[in-house]
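**Q**
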Amino acid sequence: MSDSRKLLQTNITIHADNISKDCTLMCMFTDPKNQSLFKEQFPVVWKVLDFKKDQNHSHKYLNYNEHFGLAGVRIDDKSCVKVVTPVYTDILLGDSLTLNKHGCYEFSEKSSGFDNPGPVTIYNETGALAPICFGFECNSKFNPLLVQAVEDKKNVVFDFHPILSIYLGTGSEQESTLTLDKPDLQLVWSKSLETLGKEVDLNLRENGNGSYSLE
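Residue numbers (this note's numbering): -2 to 212.
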């Protein structure tokens, strides 16, 4: 296997210095080219960051890596995503897998390597509808990113690109919550992590009109 393409790792530090009111940032991955987004495939709130007003040198961290994994999930009545089956990790972009009747993932086709990353495809052979979650593992914790309910004998394609979108929240947002519709919130920042370095520093700025920006 070629290792010319390194697994992406990005550490983002967000600084806020003496903002005039409490502020919440909601972070999720939303690829505008994903035609299934908010239709069959739904993003999960990755991180919620709360900043308090009048604090000097306040900062929060976001840590992302490409230690991708799959999991079965349950969605409660508050749209919270709960992982209910063992997480299957160490998959690569471009892998194809089958979810069998025992709830285990088996490789249908292994990716040819880092040089040719592509969608992750999962075939449902469980005999029933299966909600399948794509995410990544960081610091021994599985981070759900996308969820799709897959009918038996059908497949799901996670064509994932790490485009991180950060919104100005209302203070009521919760991590690991399924998002059924495009957020009706101010988009503060959106970038592909593939275009950034490993270490990124951003400053939260108030713009004087109730809006914020990350620079």
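Virtual Cβ for every residue (Gly too), placed ideally from N, Cα, C.
These figures come from a predicted structure and were not determined experimentally.
Please state if the CB of residue 134 and the CB of residue 42 are separated by a distance shorter than 8 Å.
**A** Not closer than 8 Å, so no.
**Q** For residue 199, which residues of its own chain have a beta-carbon under 8 Å away from its beta-carbon, when the five flanking residues on both sides are left out?
**A** Closer than 8 Å at the Cβ level, and outside the excluded window around residue 199, lie 9, 10, 11, 12, 186, 211 and 212.
**Q** Which class does residue 193 belong to by DSSP, given the choice of helix, strand or coil?
**A** Of the three classes helix, strand and coil, the one that applies to residue 193 here is coil, per DSSP.
**Q** Strictly by DSSP, which residues pair up with residue 140?
**A** Answer by DSSP bridge pairing, in chain order: 133.
**Q** On the DSSP letters alone, give me the boundaries of the beta strand (DSSP E) that residue 13 sits inside.
**A** Its beta strand (DSSP E) spans residues 6 to 13.
**Q** With DSSP as the reference, label residue 56 as helix, strand or coil.
**A** It is a strand residue.
**Q** Closest by CA to residue 77, which one among 142, 203 and 183?
**A** Closest by alpha carbon: 142.
**Q** Give me the Cβ distance between residue 96 and residue 105, rounded to the nearest whole Å; I'm assuming they're in contact under 8 Å.
**A** Wrong, their Cβ atoms sit about 10 Å apart, outside the cutoff.
**Q** Assuming residue 79 is part of the beta strand (DSSP E), what are its boundary residues?
**A** 78 to 80 is the extent of the beta strand (DSSP E) around residue 79.
**Q** Between which residues of its own chain and residue 65 is the CB-CB distance below 6 Å, once the five residues before and five after are set aside?
**A** Cβ neighbours of residue 65 beyond the five flanking positions: 88 and 133.
**Q** Below 8 Å on the Cβ atoms is my guess for residue 168 versus residue 21; work out the distance and round it to an integer in Å.
**A** Correct: roughly 5 Å between the Cβ atoms.
**Q** Taking C-alpha atoms, which residue in 15, 181 and 172 lies nearest to residue 54?
**A** Measuring from the Cα of residue 54, the nearest candidate turns out to be 15.
**Q** Sort out for me which residues DSSP pairs residue 127 with in a bridge.
**A** In DSSP, residue 127 forms a bridge with 147.
**Q** Tell me the residue span of the beta strand (DSSP E) that contains residue 152.
**A** Element bounds for residue 152: 152 to 155.
**Q** Does DSSP put residue 35 in a helix, in a strand, or in coil?
**A** In this structure, residue 35 counts as coil in the three-state DSSP scheme.
**Q** Ignore the nearest five residues each way along the sequence and tell me which others in residue 103's own chain have a CB closer than 7 Å to its CB.
**A** Closer than 7 Å at Cβ, skipping near neighbours: 94, 95 and 97.
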